[in-house]
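What follows is a single structure, written as structure tokens, with notes after it.
In the working numbering, the protein residues as written are 1168 to 1217.
Below is the structure:
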């Protein structure tokens, strides 16, 4: 995600469905209060999770 990869590319890399990737990202956004994927990325980077 931090490289701007699409859900499809992430799914292919992880061996899961595109829908699973989309749902997991949406869940992370909800948990962290991020309103966009970009904002989610900022939160993750600020916490040095990746």
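Ideal Cβ positions, reconstructed from N, Cα and C, are used throughout, including at glycine.
(Q) So for residue 1199, helix, strand or coil by DSSP? (A) helix
message: Give me the residue from 1170, 1211, 1212 and 1174 with the minimum Cα distance to residue 1190.
response: 1174
* Asked: When the Cα atoms are used, what is the spatial distance from residue 1201 to residue 1194?
  -> 10 Å
Exercise. Which class does residue 1214 belong to by DSSP, given the choice of helix, strand or coil?
Worked result: coil
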